[in-house]
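Below: one structure, written as structure tokens.
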Amino acid sequence: MTAGSAAAYRRLLADVRRHFAMLILAIAGMLVDAGAQSGFIWLLKPLIDQGFAAAPSPAVPWLPAVILALIVLRSAGYFAGVYGVEWVGRRVVSDLRARLFGHYLALPAAFYDRHSAGELISRITYNTDQVAQAATQGLITLVRDSLTAAGLITVMLLHSPLLATAVLLVAPVVAVVVLAVSHRFRRLSHRIQQAMGDVTQVTEEAVNGWQVVKIHAGKRDERARFARANDGARRLHLRLIVNQLISSTVIQWCAGAALVLILWLATLSPWSGQVSPGAFVSVLAAMLAVIPPLKRLATIHATIQKGIAAAESVYQVLAVEPESSGGEYRPAGCRGEVVFEHVTFAYPGSRGAVLEDIDLTLEAGRVTALVGRSGSGKTTLAALLPRFYGPTAGRILLDGHDLRDWDLSALRSQIAYVGQEVVLFNDTIARNIAYGALAFASPAAIEAAARAAHVLEFAARLPDGLNTLVGDRGHLLSGGERQRLALARALLKDAPLLILDEATSALDRESEIWIQEALERLLTGRTTLVIAHRLATVEHADRIVVLDRGRIAESGTHRSLLARRGLYRALYDGIAAGGPGGGAAEAIGCGGA
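The numbering used here puts the first residue of the sequence shown at -9, with every later residue one more than the last.
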């Protein structure tokens, strides 16, 4: 077992020990189960030796009642043992999933850049389910079958040490087999988890991108990608099954050899006269009864090793540091002046800086527009403001205080954000507007925000109005309706800073006319950072900043920049002509960094 696996196993045991009382009850139940089975087989010797004797013992008539009591005891012990372990195991996994999900929400943006959504989903579903099996099936088998095997071997030793020797001779072989396959089980389990992550990732991409798949006839390619991932997982599972079967087969051979040796010792060996019929039957029954527990103990290592490997992958994520909560500065509000001082930023692992030596002031209550070609750094610059990322060099000040000195929750409470890709949850329109910290907003405030963003225009036509479910990711609404809903959310938050990242890109002309009034109301009195390619927003900005390859190329008002005949004029002319500039989406940067 590697150091990482050992650490994961210790942490898993610590999680199990939190439910110590139920665990003790379960182990007690399994002890009763194993003891009752061993007791039943132990009674076979006196039942045969005395029950069929010429003068039966006075205790023989009581043996059936004792056997019945043992059966009842075993049933009760089995129920208590299995239920108790299942309760503990499922509670551990439920807690583990809750911790993992909560940790996902607290992880920094850089973590999501390095890990695919499919991988993260697989860890919280498939991997934790493997932990559940190790903590339930694995523990049940390990404890109950170990106790049963120990009890049955004790019966053999008590009734006939000679015959029990045949069983004890195969024990070292069983131990060698178990140790030999354990390492391979663990290695295959890690690979299976990675393969299942690939299956989840391919599935998620195909499901989320179904429109592109259909329009571009990508079904064959997606089937091929899925087949490769699925077949890889299948092959690894089969290799694990082969290892399980090999170990189980070896155990069966060892048990068969022990059985043959018992028969020889009891019937043909020079010591055969030392074994009574009752002892022979009792040892033989114990021998046959001990084979299934030994086989399960040999194969349960696969389940346990898969669980340990899965727990290791989960604890690796839990060990990732969450994003810093920041400093202690928590003002009730802010004026909204933002200053970028010599800010440079490069994504971790990238070969070059996305932003270089940015000096920029966003004046309080004014609108600043960022324009530039795709990849010029607009969205990255906006992402620095809510501290999704921190500058590689330089600093950013809000009201004269470094963002690193702000409490992160307090900082983000000052910012409203409307992006090109609107994130909606499978809930009602009203709850999507009053999301998170806004959940306690009054119905009147929600309705006012919906009216101002022209959400009521389409909500009134829906069966339940603002209480209509929007569906998974808002798929029951059009793109324009989703963006109006996001604007309503920003209006309801009423934050002093506003980021609009291509916020009107999905609006048709009629919706855009409706939304201009809402935008004007939203922009009034707020420090606003706008990333847009539609000139209706850009032209009226107090200041337009043109980014080119991560640097500020020029800045000024719409009129002054046109008169300068620089990069902005070239971009503007490209939009107007719809020609070499590549159209609005490319020229003024629809998306991108």
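Glycine residues also receive a C-beta, built at the ideal position from the N, C-alpha and C atoms. All values derive from a computational prediction rather than experimental measurement.
- For the pair Glu327 and Asp397, the CB atoms are not nearer than the 8 Å cut-off.
- Shortest Cα-Cα distance from Trp77 to any of Met20, Ala300, His9 and Cys244 involves His9.
- Per DSSP, the unbroken beta strand (DSSP E) holding Ala543 starts and ends at Arg541 to Gly546.
- In this chain, the beta strand (DSSP E) harbouring Glu346 covers Leu345 to Leu352.
- With respect to Val535, Thr358 sits close: the two C-beta atoms are nearer than 8 Å.
- In this structure, Leu374 and Phe335 form a Cβ contact; the two beta carbons are roughly 7 Å apart against a cut-off of 8 Å.
- The continuous stretches of alpha helix (DSSP H) do not include Gly426, and DSSP gives it neither H nor E.
- Shortest Cα-Cα distance from Asp103 to any of Glu492, Tyr379, Ile386 and Thr517 involves Tyr379.
- In the displayed model, Glu331 falls within a strand according to three-state DSSP.
- Rounded to the nearest whole angstrom, the C-alpha separation of Leu90 and Met186 is 18 Å.
- For the pair Tyr562 and Ala480, the Cα-to-Cα distance works out to about 29 Å.
- Remark: fewer than three beta-carbon pairs, one from each stretch, lie closer than 8 Å, so the stretch 340 to 356 and the stretch 32 to 39 are not flagged as touching.
- Val203 sits away from Glu194, with the two beta carbons spaced by 8 Å or more.
- Around Thr351, the same chain offers Val329 as residues with beta carbons nearer than 6 Å, after the five sequence neighbours per side are excluded.
- DSSP places Arg533 within a strand segment (E or B) once states are collapsed to three.
- With respect to the C-alpha of Pro98, the residue from Val82, Val22, Gly464 and Ser315 having the closest C-alpha is Ser315.
- Annotated as distal: Gly365 and Asp491, with beta-carbon spacing of 8 Å or more.
- Judged by DSSP in its simplified three-state form, Tyr407 adopts strand.
- For Gly556, the CB contacts under 6 Å within the same chain, skipping 5 residues up- and downstream, are Glu544 in chain order.
- Cβ atoms of Ala372 and Ile521 come within 8 Å of each other, at about 6 Å.
- In chain order, Ser366 place their CB closer than 7 Å to the CB of Arg539, counting only its own chain and leaving out the 5 sequence neighbours on each side.
- Going by C-alpha positions, Gly297 is about 20 Å away from Ala16.
- Excluding residues up to 5 positions away in sequence, His9 lie with their Cβ nearer than 7 Å to the Cβ of Arg81 in the same chain.
- A straight line joining the alpha-carbon of Leu235 with that of Ile241 spans about 10 Å.
- Separation of the CB atoms of Leu21 and Val56 is rounded to 19 Å, and the pair is thereby denied contact status at 8 Å.
- Only buried fits Ile281, as 16 or more other CB atoms lie within 10 angstroms of its CB.
- Pairing Thr118 with Ala300 gives a Cβ-Cβ distance under 8 Å.
- Contact between the stretch 212 to 225 and the stretch 120 to 136 is absent: fewer than 3 CB-CB pairs across the two stretches fall below 8 Å.
- Contact fails between the stretch 391 to 406 and the stretch 429 to 447, because fewer than three Cβ pairs, one in each stretch, are under 8 Å apart.
- For the set Leu251, Pro376, Ser403 and Glu510, the Cα lying nearest the Cα of Ala322 is the one of Ser403.
- Thr126: not part of any beta strand (DSSP E); DSSP gives it neither H nor E.
- Here Val460 carries a coil assignment [DSSP, helix/strand/coil].
- Looking only at Ala66, Leu95 and Gln120, the smallest Cα-Cα distance to Gly79 is reached by Gln120.
- Look at His9 here: in three-state DSSP terms it is coil, with no helix or strand label.
- Of the candidates Lys209, Val271, Arg181 and Arg87, the residue whose Cα lies closest to the Cα of Ala154 is Val271.
- Looking from the CA of Asn457, the closest CA among Leu251, Asp417, Ala4 and Arg554 belongs to Asp417.
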